[in-house]
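**Q** Protein chains in written order, with full-length UniProt numbering: chain A, 1 to 243; chain B, 1 to 243.
Glycine included, each C-beta is placed from N, C-alpha and C at the ideal position.
One structure coming up, written as structure tokens, with questions to follow.
2 protein chains.
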Amino acid sequence: MDLQTPLIKDRNCSSCPIRHRAVCATCDDDEIVTLDAMKYYRSFDAGQPIMWAGDRMAFVGSVVSGTATIERLMEDGRKQTMGLLLPSDFIGRPGRDTATYDVTAITDVTLCCFRRDSFEKMVAQTPHISQRMLEMALDELDAARDWMLLLGRKTAREKIATFLMMIVRRSTEGEAVLTTGSKQITLPLTREAMADYMGLTLETVSRQFSKLRKEGMIVMDGKRDITIPDVEALQAETGSDLS
Amino acid sequence: MDLQTPLIKDRNCSSCPIRHRAVCATCDDDEIVTLDAMKYYRSFDAGQPIMWAGDRMAFVGSVVSGTATIERLMEDGRKQTMGLLLPSDFIGRPGRDTATYDVTAITDVTLCCFRRDSFEKMVAQTPHISQRMLEMALDELDAARDWMLLLGRKTAREKIATFLMMIVRRSTEGEAVLTTGSKQITLPLTREAMADYMGLTLETVSRQFSKLRKEGMIVMDGKRDITIPDVEALQAETGSDLS
DNA sequence: TCCCTTTTTTGACCTGAGACAAAGCCGCGC
DNA sequence: GCGCGGCTTTGTCTCAGGTCAAAAAAGGGA
Chain A
1 MDLQTPLIKD RNCSSCPIRH RAVCATCDDD EIVTLDAMKY YRSFDAGQPI MWAGDRMAFV
61 GSVVSGTATI ERLMEDGRKQ TMGLLLPSDF IGRPGRDTAT YDVTAITDVT LCCFRRDSFE
121 KMVAQTPHIS QRMLEMALDE LDAARDWMLL LGRKTAREKI ATFLMMIVRR STEGEAVLTT
181 GSKQITLPLT REAMADYMGL TLETVSRQFS KLRKEGMIVM DGKRDITIPD VEALQAETGS
241 DLS
Chain B
1 MDLQTPLIKD RNCSSCPIRH RAVCATCDDD EIVTLDAMKY YRSFDAGQPI MWAGDRMAFV
61 GSVVSGTATI ERLMEDGRKQ TMGLLLPSDF IGRPGRDTAT YDVTAITDVT LCCFRRDSFE
121 KMVAQTPHIS QRMLEMALDE LDAARDWMLL LGRKTAREKI ATFLMMIVRR STEGEAVLTT
181 GSKQITLPLT REAMADYMGL TLETVSRQFS KLRKEGMIVM DGKRDITIPD VEALQAETGS
241 DLS
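Here's what the structure looks like:
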């Protein structure tokens, strides 16, 4: 178990690291007491499935620590990752009892879970939760649509640059907006997982990394740690405007 | 103005053709009276922009008749369509005042609009609406993710077959589920618009249609009307299981 | 430390879809 | 009926990225 995912035991909501960003972010104290009593934690080892497409979904929940992917597999083995699930992201869909996607832990993952039926009742009774769910769903929809542009129209090089900039943005969350200078990041995914996310092969991903490295756009400290000496220059390779 | 989009004048909600499927689907009579007083209709000619990315969104609304696309343009002209908006689909995002995508009418379109600020108040006060919004947002998220698999992993042939099956499904909505036999459909898009939706070029779309035609998978009556003699056979070309 | 496995890199070759170009088709206005 | 503009089809050539194969690194136990 890595350093980012300390063991969580009987933690209550008031000390929860995702309290202000998760589905419960806008709940008041009374509502949190109710959720606190309903919740339970589950852990998954890196590589383990959290949910299979087609399975009954008994629970919904939030990622407390670790990273998971939402993905779908074709019969012949082709795989597409539809999203990354990072701490505070929500898993599951109230109102549907069968999963439509596979969810896989790619690092050790801890979830804050609720039984689906009780959570659905809670959503129906608690505007703070249903409103927050809506907000999160619309954010995810925006992210999915941005990714559709990447998958449908960007070149391999633009895909990699866009992906790296997304990691930069996420690891800069909360800090002052960074659009210039250098930045150090750690990739949360293997080459293969990145390929599945961007609709490429792992060889193409590897080649594009090598090319960016030779050009000095990125500096690699090991396989996973990357320094971007000039964030603006990399942004210019994404094919997107910065708005 | 084509036959599917009759002029709408001072219609009230009770006779609205999308009353049972739109964002107002689960509203009770009192709520409908309120919405009825707030709403206004707007029409757009085929080809007209309904909304530009970056613009202030003054209104939100539902498609009453016609078809529109959600799309994004890159600086160099590459375009990706993220979704089709058909009658009962919702345009706009409460809680955000700037559009993130272009929305374009591809046939003549009539919208049932609300001023954004009043609609946001209504959402906050009306669980029926916020719950329905959530449901619709989650459905769109599922659709977007399905399309990500198509964009990232499917071949041109699979993309076309999947697209055709989507049209079959939509034009069969409400009827008995059709998974066998023959079916007649009308394409709502030009070759170019289909290409932008599927991440292809218009030439590739045209070639794939020709190939399917020569193989007898489809029969074309003009450019836009297509008969699919064997729906199951076409389904088998989509690369997806039928679940 | 040394295997053994997994991940990554690199090379050589191939191919599906893009780019460019030209011709065909169709509806519309005059 | 004719000519014009916007679609659509088809041909030819190119190339970005896929496929297959092998070598090189990086862990991670025992």
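In the DSSP assignment, find the beta strand (DSSP E) that holds Q184 of chain B and state where it starts and stops.
**A** Unbroken beta strand (DSSP E) run through Q184 of chain B: K183 to T186.
**Q** Exposed or buried, which one is A99 of chain A when buried takes at least 16 other CB atoms within 10 Å?
**A** Its Cβ being crowded by 16 or more others within 10 Å, A99 of chain A is buried.
**Q** Mapping DSSP to helix, strand and coil, what is P49 of chain A?
**A** Note: P49 of chain A maps to strand in three-state DSSP.
**Q** Taking Cβ positions only, does E140 of chain B come closer than 8 Å to chain A?
**A** Taking Cβ atoms only, chain A reaches closer than 8 Å to E140 of chain B, which makes this a yes.
**Q** Give the interface partners of M166 of chain A over in chain B, defined as CB-CB distance under 8 Å, in chain order.
**A** Going along chain B, no residue has its Cβ under 8 Å from M166 of chain A, so there is no contact; the nearest lies around 15 Å.
**Q** Shorter than 8 Å from the beta carbon of P127 of chain B to some beta carbon of chain A?
**A** At least one chain A Cβ lies under 8 Å of P127 of chain B.
**Q** Going by beta carbon distance, what residues of the same chain come within less than 7 Å of D36 of chain B, once the five residues before and after it are set aside?
**A** Same-chain partners within the cutoff: N12 and C13.
**Q** Within this structure, are the beta carbons of Q208 of chain A and A137 of chain A separated by less than 8 Å?
**A** Contact flag unset, no.
**Q** Measuring only the C-alpha atoms, how far is S206 of chain A from E237 of chain A?
**A** Distance between the alpha carbons of S206 of chain A and E237 of chain A is about 17 Å.
**Q** Roughly how many angstroms lie between the CA atoms of G66 of chain B and A105 of chain A, to the nearest whole one?
**A** Taking the straight line from one Cα to the other gives about 43 Å.
**Q** Could you check the C-alpha separation between I228 of chain A and I167 of chain A for me, to the nearest Å?
**A** Rounded to the nearest angstrom, the two C-alpha atoms are 11 Å apart.
**Q** Would you please state the rounded distance, in angstroms, between the beta carbons of C27 of chain B and S62 of chain B? I believe it to be under 8 Å.
**A** With 8 Å as the limit, C27 of chain B and S62 of chain B do not qualify as a contact, their Cβ atoms being about 12 Å apart.
**Q** If distances are taken between C-alpha atoms only, which option among B:L151, B:P49 and B:V64 comes closest to Y40 of chain B?
**A** Comparing Cα positions, the closest option is B:V64.
**Q** Taking 8 Å as the cut-off, does the segment 76 to 88 of chain B touch the segment 179 to 197 of chain B (at least 3 CB pairs, one atom from each stretch)?
**A** With the cut-off at 8 Å, the segment 179 to 197 of chain B and the segment 76 to 88 of chain B touch.
**Q** Within the continuous alpha helix (DSSP H) that includes D36 of chain A, where are the two ends?
**A** It spans D29 to M38 - the alpha helix (DSSP H) in which D36 of chain A sits, taken as one unbroken run.
**Q** For V204 of chain B, which of helix, strand or coil comes out of DSSP?
**A** In the sequence as presented, Val is not what sits at residue 204 of chain B; that position holds Thr. Reduced to three states, the DSSP call for T204 of chain B is helix.
**Q** Let me make sure I understand the geometry here. Which of A:E31, A:V109, A:P17 and A:K79 has the alpha-carbon closest to that of Q48 of chain A?
**A** Taking only the C-alpha atoms, the option nearest Q48 of chain A is A:V109.
**Q** Mapping DSSP to helix, strand and coil, what is V168 of chain B?
**A** Three-state DSSP puts V168 of chain B in a helix.
**Q** Which residues in chain A have a C-beta closer than 9 Å to the C-beta of E75 of chain B? List them in chain order.
**A** By Cβ distance, chain A contributes G239, S240 and D241.
**Q** Please go through the segment 123 to 161 of chain B and give each complete beta strand (DSSP E) segment of 3 or more residues, from N-terminal end onward.
**A** List check, beta strand (DSSP E) in window: nothing returned.
**Q** What do you reckon, are the CB atoms on Y101 of chain B and A143 of chain B nearer than 8 Å?
**A** Contact flag unset, no.
**Q** Counting contacts by CB-CB distance shorter than 8 Å, is W147 of chain B in contact with chain A?
**A** Closer than 8 Å to some Cβ of chain A, the Cβ of W147 of chain B qualifies, so yes.
**Q** Is there a C-beta anywhere in chain B that falls below 8 Å from the one on S130 of chain A?
**A** For S130 of chain A, the answer is yes, since a Cβ of chain B falls inside 8 Å of its Cβ.
**Q** Need the endpoints of the alpha helix (DSSP H) that V109 of chain B sits in, please.
**A** It is not in any alpha helix (DSSP H) - V109 of chain B instead sits in the beta strand (DSSP E) that spans V109 to R115.
**Q** Any C-beta of chain A sitting closer than 8 Å to the C-beta of Q208 of chain B?
**A** With 8 Å as the cut-off, Q208 of chain B does not count as an interface residue toward chain A.
**Q** What's the gap between the Cα of D2 of chain B and the Cα of M122 of chain A?
**A** Annotation note: pLDDT 39 at D2 of chain B (below 50); position unreliable, coordinate value reported separately. Their backbone Cα atoms lie some 46 Å apart in a straight line.
**Q** Which residue comes first and which comes last in the alpha helix (DSSP H) that contains V60 of chain A?
**A** Segment F59 to S65 is the beta strand (DSSP E) holding V60 of chain A; no alpha helix (DSSP H) there.
**Q** Compute the Euclidean distance between the alpha carbons of R213 of chain B and M220 of chain B, then round it to the nearest angstrom.
**A** So the alpha carbons of these two residues sit roughly 7 Å apart.
**Q** What are the boundary residues of the alpha helix (DSSP H) that V231 of chain B is part of?
**A** Where V231 of chain B is concerned, the enclosing alpha helix (DSSP H) stretches over V231 to Q235.
**Q** Go to A193 of chain A, then tell me how far its alpha helix (DSSP H) extends in each direction, as first and last residue.
**A** R191 to M198 is the span of the alpha helix (DSSP H), which, as asked, contains A193 of chain A.
**Q** Would G152 of chain A count as contacting chain B if we go by Cβ distances under 8 Å?
**A** Yes, contact with chain B.
**Q** Of all Cβ atoms in chain A, is any one closer than 8 Å to the Cβ of G95 of chain B?
**A** Chain A contact via Cβ: present.
**Q** Would you say E215 of chain B and L202 of chain B are within 8 Å of each other, going by their C-beta atoms?
**A** No; because the gap between Cβ atoms is not below 8 Å, this pair is not in contact.
**Q** Using 10 angstroms around the beta-carbon of K223 of chain B, count the other beta-carbons present and answer buried if the total reaches 16, otherwise exposed.
**A** Classification of K223 of chain B: exposed, given that the 10 Å Cβ count is below 16.
**Q** Would you kindly report the start and end of the unbroken beta strand (DSSP E) that includes I70 of chain A?
**A** Note, I70 of chain A: beta strand (DSSP E), A68 to L73.
**Q** What residues match up with S43 of chain A in a beta bridge as DSSP calls it?
**A** Beta-bridge pairing links S43 of chain A to A:T110.
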